[in-house]
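Just so we're aligned, residue 1 is where the sequence shown starts under our numbering, counting upward by one. Data first, discussion second: the structure below is written as structure tokens.
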Amino acid sequence: MSREALTSAKTVPVLLPLALPAPYDYLVPEGKELHPGDFVVVPLGPALRMGVVWHESSGKSVDPAKLRAIESHFDDVPPLPEISLKFCDWVANYTLTPPGMVLRMMMSASKAFEPPAIRFGVRAGGPEPERMTSARARVLEAASSGMIFKKSELAEMAGVSGGVIDGLVNTGTLLQEVLPDPWEASFDLTGENVELSDLQSGAAKELCANTENGFVVTLLDGVTGSGKTEVYFEAIAQALKTGGQALVLMPEIALTGQFIDRCERRFGAKPAEWHSGMTSNMRGRVWRAVANGQAKFVVGARSALFLPFPDLRLIVVDEEHDQGYKQEDRVTYQARDMAVLRGNLGKCPVVLSSATPSIESIVNVEAGRYRHIKLESRYAQATLPEIEAIDMRKSPPERGRWLAPPLVNAIEETLEDGQQALLFLNRRGYAPLTLCRNCGYRFECPNCSAWLVEHRFRRRLECHHCGTFLPVPDECPQCGAEDSLTPCGPGVERIDEEIAERFPEARRIILSSDQLTGIEELRRTLREIEAGEADIIIGTQLVAKGHHFPGLALVGVVDGDLGLTQADPRAAERTFQLLSQVTGRAGREAIKGKGLIQTYMPEHPVIQALVESDRDAFLAREIESRRDAEMPPFGRLASILVSSSLRDRAETFARDVARAAPPANKIEVLGPAEAPLAVIRGRYRYRLLVKAAREADLQNYIRLWLQNAPKPRADLRLVVDIDPYSFL
Ligand SMILES: Nc1ncnc2c1ncn2[C@@H]1O[C@H](COP(=O)(O)OP(=O)(O)OP(=O)(O)O)[C@@H](O)[C@H]1O
Ligand SMILES: [Zn+2]
């Protein structure tokens, strides 16, 4: 990559990772050579700040006498590649965010800017200890391959505490050695140990042809369990063979554990990981290794897209339909869409993979913008699960219970056959509402317009929006009645309670973010399920995503209607995807799978499409209705959320902003209206919705509008969300 020196220039633009509209110009110290992308320290007001030498100037001419000089240059930190600078500008423009805030995401690895620490691991190799215990023997057994292990990793493998490892280091049995980073291992790209089915190898050939050269988007659309991963592994191997970098995005870090194991099986080495569950040291190391091109293969959450890849030659977006790709705080962006943008800018092919593609991607296929590869059956002998609706009006559960008799019977049969069952309910906690039987008092969050959710596991009432909680009281705070508080409706903990009563012998696992303290525990739990150490799994949407549990035969959806009643243009799409995905966890190997959906609306088109496995009918209907309503992707949306601690202030400001909207052809401003979640964290919320025709320049319209609209003062906040996914 050629980087033109800026020595001849007396000044350079520097972008700071702050909410500023443009880079500032700085003087280059005498004799210093700087390039776009270099990390530098500059004075800003009374402070020193780290920033990046930018490729385009602010465009403003400033009196050179007023300019300040660059303080220093991080010459041992790899610079941001030019493509990252371009990408930053594009994302900022698209999302209407200050470019410095996008840059801040790109720099979110503070340790990358410090000299990397040396990490030590341990390896077996010294003499046996004089005193051998069974714990020590397990460690030596686990370490017998002679490889270097992280201490914590070895302790976990051997099932011992860290103290046992330290003891063996003290006796000289384990030797401390420098721990290699995952990217130091080389990948096996021969594909010798892979055997693809005919269907897969056809798809892989086509995919490799698509991704061989430059920017093309391919939708890899294969039913659940069809083996899409193995197919796109071939495209990854192809990209790595050319010496380039490859990135796989996952919507949920919970998925990365199983995925990394599979990469290791396929490529003989682990990819680098990138997500919020990593230590800051590791983030720093990965950031540097990506920037200097050492890390060739990266797997990460949406933010991995903002890593400084100098030579990215393939991006895979796994489970591309997943809402987890939409980031809603600080910079609001949809990582799947930004991946396509990044691919386009960097002339790099993009693969979108899903069993339930988004309407957006399907429409792009139909319009000829994306290529389409389909896998219509499952890998090997496995077949798709049979799906049935349970009409809750005809076979209701007994009083105070939530599982209808047909589902209970199916669970019983599954257990008798020694197979696993999974119950899905997308609701954390025990009960979504608690009320007093005596006076009707309902527990509401003091800061939000939301009920408090009872969590028995943690013994408290919690707000899912702001985190406020209080211990479950013994008496009603309004009428003082004792033992009058009644939980209403089920959450996963309540389903777990019912299962425990009905099937006391069964081994249960609740898979919900409350029960799991961190990524390691989550990964361990997923491995336990995979290994068949649970009979019944009760989970929230965490279980719906991409997992492969070989022994799972039955999936029961406790409330199939939960997502359908939401006022959201994507409610039907989202429910269809979620229920197809969760039922798609059943029967992925030898066992025949079954999905049962409890519903009060068995005639609803979404439920019908699921029962009849008629995705095409669902898509056709949904696309038609979006087209009629000019909803995305046939029209474009942006949401503007105004909030303040005072209701009047928020409402008045929202009205003033709306009034300032200039008239425009093909762009309509709706609202303001009180948000469905009217108050969060004590802030009153009003929404404006901007609806535009596909061809309208939505961003430019909003930019001009807000430039001339009243500015938020006092505690007012205005947040723009382009292509919103949340309307609450
Ligand atoms: N060629 C192959 N050789 C061996 N095992 C394979 C092969 N292809 C797929 N499998 C296995 O089949 C199972 C399903 O594959 P995979 O998880 O890739 O499906 P998928 O299409 O991603 O499904 P989903 O969309 O439901 O996540 C996995 O356990 C995988 O290891
Ligand atoms: Zn709250």
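Don't be surprised by glycine CBs; every beta carbon is placed ideally from N, CA and C.
With DSSP run on the structure shown, which of helix, strand or coil describes residue i?
i	result
P710	coil
P13	strand
K691	strand
K32	coil
C476	coil
M106	helix
E273	strand
P405	helix
L96	coil
A675	strand
I591	coil
F149	strand
S201	helix
F653	helix
R717	strand
Q245	strand
Y701	helix
E668	strand
L646	coil
Using the rule of at least 16 other Cβ atoms within 10 Å of the residue's Cβ for burial, across every protein chain shown, is residue i buried or exposed?
i	result
S2	Residue placement at S2 is flagged as unreliable, the pLDDT there being 40, under the threshold of 50; the coordinate-derived value follows with that caveat. By the 10 Å Cβ count, S2 comes out exposed.
R266	buried
A295	buried
S643	buried
I536	buried
L6	Interpretation of L6 is limited by its pLDDT of 48, a score under 50 that renders its predicted location unreliable; no figure is taken from the coordinates.
F48	According to the sequence shown, residue 48 is Leu rather than Phe. L48 is exposed by the Cβ-count criterion.
G682	exposed
L96	buried
M250	buried
D715	exposed
A117	exposed
A609	buried
D648	exposed
M147	exposed
A675	buried
K10	exposed
M742	Not covered by the structure: residue 742. The range shown for the chain is 1 to 728.
D721	buried
N292	exposed
S8	Confidence is the limiting factor: at S8 the pLDDT is only 49, short of 50, which leaves the residue's position unreliable, though a coordinate-based value still follows. The residue in question, S8, is exposed, as its Cβ has fewer than 16 Cβ neighbours within 10 Å.
V178	exposed
R694	exposed
T218	buried
CB residue i to CB residue j, shorter than 7 Å?
i	j	result
C436	C448	no
V298	T256	no
P724	V363	no
I495	V543	no
V286	L384	no
V290	F309	yes
V231	A204	yes
C488	A431	yes
Q419	G551	yes
L175	L168	no
L247	S353	no
L20	G100	yes
K691	L637	yes
Can you tell which of the options has its C-alpha closest to the C-alpha of residue i?
i	options	result
F272	P251, E252 and A301	Looking at the sequence itself, residue 272 is Ala, so the reference to Phe does not match. Among P251, E252 and A301, the Cα nearest to that of A272 is on A301.
A572	L596, P605, W274 and T540	P605
H35	G551, P446 and V53	V53
E71	A410, A693 and F39	F39
M338	M631, L637, S303 and R369	S303
A65	L27, P81 and H55	L27
P712	F653, F113 and K691	F653
M282	L403, P115, I623 and V582	P115
W451	Y441, R458 and F457	Y441
I510	R523, E493, E520 and T517	E493
Hey, is residue i's beta-carbon within less than 7 Å of any beta-carbon in chain C?
i	result
A590	No chain C is part of this structure, which consists of one protein chain only.
Looking at residue i and ligand 4, is the gap between the Cβ and the nearest heavy atom below 6 Å?
i	result
T468	No copy of ligand 4 occurs in the structure displayed; its ligands are ligand 1 and ligand 2 alone.
- In chain order, which continuous runs of the alpha helix (DSSP H) of length 4 or greater are located wholly inside the segment 308–394? Fully enclosed alpha helix (DSSP H) runs of 4 or longer: 335–346 and 359–366.
- Entirely enclosed beta strand (DSSP E) segments - the segment 408–468, minimum 3 residues: Counting only runs of 3 or more, we get 420–424, 433–436, 453–455 and 460–462.
- Item | beta strand (DSSP E) segments (min. 3 residues) lying fully within the segment 508–566 | Fully contained in the segment 508–566 are the following beta strand (DSSP E) runs of length 3 or more, in chain order: 508–511, 536–539 and 552–557.
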